[in-house]
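Student: Got a structure for you, written out below as structure tokens; questions coming shortly.
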Amino acid sequence: MALVKSKPTSAGRRFAVQVKTPDLHKGGPYEPLVERQSTRGGRNNVGRVTVRHQGGGH
Numbered sequence: 008m009a010l011v012k013s014k015p016t017s018a019g020r021r022f023a024v025q026v027k028t029p030d031l032h033k034g035g036p037y038e039p040l041v042e043r044q045s046t047r048g049g050r051n052n053v054g055r056v057t058v059r060h061q062g063g064g065h
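If you read the sequence shown in this note's numbering, its first letter stands for residue 8, the second for the next number, and so on.
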């Protein structure tokens, strides 16, 4: 992981630093660990609505 400093061509770029991460994994996720999250619609484990403005539908 490298930090790249830019030349001070403006006040905002004077302290700007970019993080370069060429060694990180660029592929997709590991499939055995991926599973779908069920939509809860603002309900807890009992089934009661615990979050406002969620759920409903048509």
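By construction, the Cβ of each residue, glycine as well, lies at the ideal position given by its N, Cα and C atoms.
For a test of the three-state rule: what should DSSP assign to L31, helix, strand or coil?
Tutor: Taking the sequence shown and counting its residues from 1, one reaches residue 31 at position 24. In the structure shown, L31 sits in coil (DSSP, three-state: anything other than H, G, I, E or B).
Student: I'd like to check one pair, T57 with G64: are the Cβ atoms closer than 8 Å?
Tutor: Taking the first residue of the sequence shown as 1, we reach residue 64 at position 57. Taking the first residue of the sequence shown as 1, we reach residue 57 at position 50. Against a cut-off of 8 Å, the Cβ pair of T57 and G64 comes out as no contact.
Student: According to DSSP, what are the bridge partners of Q25?
Tutor: Counted from its first residue, the sequence shown places residue 25 at position 18. Answer is V11, bridged to Q25.
Student: Name, in chain order, the residues that DSSP records as bridge partners for R50.
Tutor: Sequence index remark: in the sequence shown, residue 50 carries index 43 (1-based). The partner list for R50 (beta bridge, DSSP) reads V56.
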